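Chains as they are written, first to last, in this note's numbering: chain A, 2 to 322; chain B, 143 to 478. Heads up, the thing below is written out as structure tokens.
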């Protein structure tokens, strides 16, 4: 189930230094068989077959793998220390050169090393937040949809409360409480306000599949509640949740940049794309590359997640076949 | 219909109370952990104990539970509810200016900004979506796909800063150098930031930036929902009857396709007003986003609670109106 999806979802960390491997067919479809003959009918198998021929999935997926490898193994990409900074000797805001590929930052740090190490912080926040909203939102939606009656009423009202709070303002209120903010508190704020949409998606999928004949049949055959959920109801909800989570992951990368820019995110000793944008916002006219590099990383990564999410949605929706 | 509206309005009550309590708890914990925010008013001078005490009391922050970390302060919450709902008193900020007055002063700017953003979404978003949906797989379709995905991927902060620096300052400076361009354009629409001389014109660019993000979502949703409906049997029937192109697309297809789009825009109103924090900050618009943002940092709890509760109410009412509009757009939907 998870295997064919892995290149799109950040779990694709297995082969970070060999991005080309991602484009290889899954083991389920040996290269000898021609398409059409001996097809599996599974949704995921079909989706994977469609996805790996789709350039608007493969290219962003490779980009995500590259950024993931920067996050996991930054030393593969640079041997410089992002925090070895010096402003003496005119090292501040140097333009790109052979020694400093992206130039140097306002504090005289190597900007390329900062961009590589920044990937780790930004991806970590986004990944933790996405896992958090999927677990919490999935659980709340599942309970509300499956048990119905007062459980549903209560959980739906709680969802409404959080959904009604404006995302950005809620996150700022939440973050100002904390004295020292790091990537974990930022992820916590994003989770606290971001889980509602997944809960709604999950609840709707559970409600729509709860009364289907095959679920009723499994129930009539004496299927335990846990088995009913895990084997019959959950697989129906996986596709929309995976699609939303992929796009949300990209959104959280921009959210980190936005919250940092507003002054409630990370602060300078920390290295992240948001911090890089925030610190160099004022030098836009003199040294545009100081903004261009982190912004391209953020936009490229978000763009990749949105494209992968879109491709997954098309591939996983049987109605669009 | 009437009963449905009443039932929905009754459902508002727990949601509003819940949101109020959540805000009350978060802001109380902030005070419990960081200390009395009133002290900050005095800077580095140590105020006499009696002055500090009186001012804290006057601002409604003297409850002893505000000194016990993570205490839920139920007593203070009930007091706040009483003053808000029974006396319609939202409290004051630290300069003793009533919150209602702050909101009344700032609201028009945010409303105008939201109105510009939403009309931009409606006009440009829906037309782009229809254009792309009708030419599925064609040039316009790809163009829409690429441009919307790009807009979605740019953080609103970056979009705002780039637009301000490039369009309002760069292009604006060039326009201001030309004699032939009227002032409304060069010093109004393309003013570097919001200016009181042109209160409407200088809101246009910030409004477009605010609407850009949702514009992409609107266009994509219009396109996919149009594509879904254009294959429907009743559309084929309409073609078969020999109806004109405009009528089939404009009335038969579009009317049904707009239902999900209306939902999106309805739920956006709340998000836009809250999301205007960034846009208002970048373009220096004195709207409620600026007020609440400043209040969060100075610890002016009453302002935060007042404004955010108002935004929650706007969101709830907008989603109710959207649900009622469904019945107008789709006669199959009945509420009773």
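Backbone N, C-alpha and C fix where the C-beta goes; we use that ideal spot for every residue, glycine too. All values reported here derive from a predicted model rather than from experimental measurement.
Distance CB(residue i)-CB(residue j) smaller than 8 angstroms
i, j, result
"residue 229 of chain A", "residue 146 of chain A", "no"
"residue 106 of chain A", "residue 267 of chain A", "no"
"residue 352 of chain B", "residue 418 of chain B", "yes"
"residue 452 of chain B", "residue 272 of chain B", "no"
"residue 447 of chain B", "residue 169 of chain B", "yes"
"residue 172 of chain B", "residue 433 of chain B", "no"
"residue 134 of chain A", "residue 195 of chain A", "yes"
"residue 260 of chain B", "residue 407 of chain B", "yes"
"residue 202 of chain A", "residue 236 of chain A", "no"
"residue 255 of chain A", "residue 303 of chain A", "yes"
"residue 411 of chain B", "residue 346 of chain B", "no"
"residue 142 of chain A", "residue 94 of chain A", "no"
Separation of residue j from residue i, as counted between CA atoms
i, j, result
"residue 104 of chain A", "residue 260 of chain A", "25 angstroms"
"residue 234 of chain B", "residue 330 of chain B", "34 angstroms"
"residue 110 of chain A", "residue 88 of chain A", "8 angstroms"
"residue 300 of chain B", "residue 296 of chain A", "8 angstroms"
"residue 35 of chain A", "residue 46 of chain A", "Because residue 35 of chain A carries a pLDDT of 49, less than 50, the predicted location of this residue cannot be relied on, and the following value inherits that uncertainty. Each residue's alpha carbon lies about 15 angstroms from the other."
"residue 472 of chain B", "residue 263 of chain B", "22 angstroms"
"residue 420 of chain B", "residue 177 of chain A", "16 angstroms"
"residue 31 of chain A", "residue 50 of chain A", "Note that residue 31 of chain A scores 47 on pLDDT, short of 50, meaning its location in the model is unreliable; the coordinates nonetheless yield the value given after this. Their Cα atoms are separated by approximately 12 angstroms."
"residue 442 of chain B", "residue 200 of chain A", "32 angstroms"
"residue 349 of chain B", "residue 246 of chain A", "29 angstroms"
"residue 44 of chain A", "residue 152 of chain B", "43 angstroms"
"residue 80 of chain A", "residue 99 of chain A", "14 angstroms"
"residue 413 of chain B", "residue 356 of chain B", "10 angstroms"
"residue 310 of chain B", "residue 336 of chain B", "10 angstroms"
"residue 190 of chain A", "residue 214 of chain A", "41 angstroms"
"residue 254 of chain B", "residue 326 of chain B", "18 angstroms"
"residue 149 of chain B", "residue 342 of chain B", "39 angstroms"
"residue 225 of chain B", "residue 231 of chain B", "5 angstroms"
"residue 397 of chain B", "residue 383 of chain B", "18 angstroms"
"residue 264 of chain A", "residue 286 of chain A", "22 angstroms"
"residue 2 of chain A", "residue 48 of chain A", "Caution applies to residue 2 of chain A, whose pLDDT of 35 falls short of 50 and renders its modelled position unreliable; the model cannot decide the point."
"residue 277 of chain A", "residue 364 of chain B", "36 angstroms"
"residue 371 of chain B", "residue 66 of chain A", "37 angstroms"
"residue 154 of chain A", "residue 318 of chain B", "59 angstroms"
"residue 91 of chain B", "residue 303 of chain B", "Since the first residue of chain B shown is 143 and the last is 478, residue 91 of chain B is not available in this structure."
"residue 281 of chain A", "residue 124 of chain A", "21 angstroms"
"residue 192 of chain B", "residue 185 of chain B", "17 angstroms"
"residue 249 of chain A", "residue 189 of chain B", "48 angstroms"
"residue 62 of chain A", "residue 284 of chain B", "20 angstroms"
"residue 422 of chain B", "residue 129 of chain A", "30 angstroms"
"residue 221 of chain A", "residue 312 of chain A", "37 angstroms"
"residue 53 of chain A", "residue 64 of chain A", "15 angstroms"
Nearest candidate by alpha-carbon position, reference residue i, set the options
i, options, result
"residue 156 of chain A", "B:156, B:471 and B:447", "B:156"
"residue 270 of chain A", "A:70, A:184, A:234 and A:306", "A:184"
"residue 424 of chain B", "B:220, B:260, B:147 and B:333", "B:333"
"residue 217 of chain A", "A:205, A:233, A:206 and A:275", "A:233"
"residue 286 of chain B", "B:326, B:345 and B:267", "B:267"
"residue 231 of chain A", "A:280, A:139, A:72 and A:244", "A:139"
"residue 244 of chain A", "A:300, A:131 and A:152", "A:131"
"residue 175 of chain A", "B:165, B:374 and B:146", "B:165"
"residue 455 of chain B", "B:217, B:435 and B:409", "B:409"
"residue 121 of chain A", "A:263, A:188, A:173 and A:73", "A:73"
"residue 317 of chain A", "A:265, A:238, A:253 and A:212", "A:238"
"residue 182 of chain A", "A:154, A:126 and A:167", "A:126"
"residue 314 of chain A", "B:366, B:297, B:380 and B:278", "B:366"
"residue 369 of chain B", "B:276, B:289 and B:315", "B:276"
"residue 299 of chain A", "A:312, A:284, A:252 and A:169", "A:252"
"residue 399 of chain B", "B:458, B:182 and B:377", "B:377"
"residue 404 of chain B", "B:360, B:436, B:438 and B:416", "B:360"
"residue 354 of chain B", "B:297, B:215, B:461 and B:161", "B:297"
Any chain D beta carbon closer than 8 angstroms to residue i
i, result
"residue 258 of chain A", "Looking at the structure shown, chain D is missing, and the protein chains on hand are A and B."
Three Cβ pairs or more, each shorter than 8 angstroms: is that satisfied between the region 108-128 of chain A and the region 79-90 of chain A? yes
Would you mind listing the alpha helix (DSSP H) stretches within the region 172-246 of chain B that are 4+ residues and don't spill past its ends, in chain order? 191-200 and 216-223
When the Cβ atoms of the region 194-202 of chain B are set against those of the region 171-180 of chain B, are three or more pairs found closer than 8 angstroms? yes
The region 163-176 of chain A in contact with the region 220-228 of chain A per 3-pair CB rule at 8 angstroms: no
Suppose only complete runs of 3+ residues qualify. What are the beta strand (DSSP E) ranges in the region 49-129 of chain A, listed by chain order? none
Enumerate, from N- to C-terminal direction, the unbroken alpha helix (DSSP H) stretches of 4 or more residues contained entirely within the region 242-301 of chain B. 268-276 and 281-295
Could you tell me which whole beta strand (DSSP E) segments of length 3 or greater appear in the region 299-349 of chain B? none
Indicate whether the contact test is met: 3 or more Cβ pairs, each with one atom in the region 294-312 of chain A and one in the region 56-66 of chain A, closer than 8 angstroms. yes
Does the region 459-467 of chain B come within contact of the region 371-391 of chain B, defined as at least 3 CB pairs closer than 8 angstroms? no
In chain order, which continuous runs of the alpha helix (DSSP H) of length 4 or greater are located wholly inside the region 199-282 of chain A? 214-221, 235-262 and 274-281
Entirely within the region 413-478 of chain B and at least 4 residues each: give me those alpha helix (DSSP H) ranges in chain order. 430-440 and 443-471
Any chance you could list the alpha helix (DSSP H) runs of at least 4 consecutive residues sitting entirely within the region 123-168 of chain A, in chain order? 150-165
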